[in-house]
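Visitor:
Numbering (the working numbering), first residue to last: 458 to 688.
(1) Count the C-beta pairs between the region 511-521 and the region 464-471 that are closer than 8 Å, then say yes if the count reaches three, no if not.
(2) Less than 7 Å between C-beta atoms, sequence neighbours within five positions excluded: which residues of the same chain meet that for residue 596?
(3) Using a Cβ-Cβ cutoff of less than 7 Å, which residues in the same chain neighbour residue 507 once the five nearest sequence positions on both sides are dropped?
(4) My assumption, with CB atoms under 8 Å, is that residue 649 sits in contact with residue 552. Please give the rounded CB distance.
(5) Keeping to the same chain, check which residues put their C-beta closer than 7 Å to that of residue 653; ignore five residues upstream and five downstream.
(6) Counting only runs of 4+ residues fully inside the region 592-652, write out the alpha helix (DSSP H) ranges in chain order.
(7) Does the region 619-633 touch the region 495-511, meaning 3 or more C-beta pairs lie closer than 8 Å?
(8) By the DSSP assignment, the alpha helix (DSSP H) with residue 513 in it spans what residues?
(9) Using the beta-carbon count (16 or more within 10 Å), is residue 458 buried or exposed?
(10) Tell whether a beta-carbon distance below 9 Å holds between residue 646 and residue 579.
(11) Is residue 585 helix, strand or coil by DSSP?
(12) Is it right to say residue 486 is buried, meaning 16 or more other beta carbons lie within 10 angstroms of its own, or is it exposed?
(13) Going by Cα to Cα distance, which pick from 515, 615, 532 is closest to residue 572?
(14) Looking only at its chain, what residues have a beta carbon closer than 7 Å to the beta carbon of residue 548, apart from the 5 residues adjacent to it on each side?
(15) What residue does the alpha helix (DSSP H) around residue 571 start on, and which one ends it?
(16) Is residue 554 closer than 9 Å to residue 505 when the C-beta atoms are compared?
(17) Report all residues from its chain with a CB closer than 7 Å to the CB of residue 681; omit the five preceding and five following residues, and keep chain order.
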């Protein structure tokens, strides 16, 4: 039992380290984007190798824990949650790279202002990632549920940003490439928020044994006025 507890603590520590790397990559990619700083963007791309390495390392450790200790109940849920949420963290790291590539592209184009809503999305998305990780560290399912609620706001901001960029395209067709980069940026931020939501859902599953994934999707679909397909 003591060996299992040490292994679980080690998994949690490695996951927190991975989360810190991902948060830093997201912060740097957004800073590079809004400053149109190509040099800073390149550093984010280079740092992604360490995120990938640590994600694989954690996955291998999870498999070792399952094979050697055969955890049950809450311990098994914890390992399952770590396996899933580290994949989401790695995907956020990949999206930070995508944002950095947009930053590098914009750095070589005539400077035009970002649409207002795009700038509004950045801090709430970063907050969602931070709170999803805090909910794991603090074992706080209520904090995790706050992340689920915040995702609705990001979806609405994404819709607004899309409309703003579409309007700009009509007004400034000569800047079509830059506006396409902004559309991509909005989509990447929305996807990062989705991955933060996934992490929060996994934390709730670990702490409460409750799968809330389908409830979250149902609430989002109903709030958008879109009918769910018959399954």
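We treat Cβ as the ideally placed atom computed from N, Cα and C, and that holds for glycine. Computed from a prediction, not measured in an experiment: that's the story for all the values here.
Guide: In this structure, then:
(1) Using a Cβ-Cβ distance cut-off of 8 Å, the region 511-521 and the region 464-471 are in contact, since at least three pairs of beta carbons, one from each stretch, lie closer than that value.
(2) For this step, residue 596 is matched to residue 139 along the chain shown. So the qualifying residues of the chain are 664.
(3) Residue 507 sits at position 50 when you count from the first residue of the chain shown. In the same chain as residue 507, and ignoring 5 residues on each side of it, the C-beta atoms closer than 7 Å to its own belong to 478, in chain order.
(4) Translated into positions along the chain shown, residue 649 becomes position 192. Translated into positions along the chain shown, residue 552 becomes position 95. Contact holds; Cβ gap of about 5 Å.
(5) The residue given as residue 653 occupies position 196 in the chain shown. Once the five neighbours on either side are set aside, the close Cβ partners of residue 653 are 585, 586, 589, 604.
(6) Scanning the region 592-652 from its first residue to its last, the whole alpha helix (DSSP H) runs of 4-plus residues come out as 598-628.
(7) Verdict: no, contact absent.
(8) Here residue 513 corresponds to residue number 56 of the chain shown, with the count starting at 1. According to the DSSP assignment, residue 513 belongs to the alpha helix (DSSP H) that extends over 495-526.
(9) To locate residue 458, count along the chain shown from 1; it is residue 1. Classified as exposed, residue 458 has fewer than 16 neighbouring CB atoms from the shown chains inside 10 Å of its CB.
(10) In the chain shown, counting from the first residue as 1, residue 646 sits at position 189. In the chain shown, counting from the first residue as 1, residue 579 sits at position 122. Cβ atoms of residue 646 and residue 579: closer than 9 Å.
(11) Taking the chain shown and counting its residues from 1, the one referred to as residue 585 is at position 128. If DSSP states are grouped into helix, strand and coil, residue 585 belongs with the helices.
(12) As a first step, residue 486 must be located in the chain shown, where it is residue number 29. So residue 486 counts as buried.
(13) What you label residue 572 is simply residue 115 of the chain shown in a count that begins at 1. Looking at the Cα atoms, 615 is the closest of the given residues.
(14) Residue mapping note: residue 548 aligns to position 91 of the chain shown, counting from 1. Listed in chain order, the non-local C-beta contacts of residue 548 below 7 Å within the same chain comprise 652, local neighbours out to five positions each way being set aside.
(15) Here residue 571 is taken as the residue at index 114 of the chain shown, counted from 1. No alpha helix (DSSP H) contains residue 571, which DSSP labels as neither H nor E.
(16) Working through the chain shown from its first residue, we reach residue 505 at position 48. Working through the chain shown from its first residue, we reach residue 554 at position 97. Between residue 505 and residue 554, the C-beta gap is smaller than 9 Å, which places the two residues in contact.
(17) Looking up residue 681 in the chain shown gives position 224. Note that residue 681 scores a pLDDT of 45, beneath 50, so its modelled location is shaky; the value from the coordinates is reported in the next line. Cβ within range, chain order: n/a, list empty.
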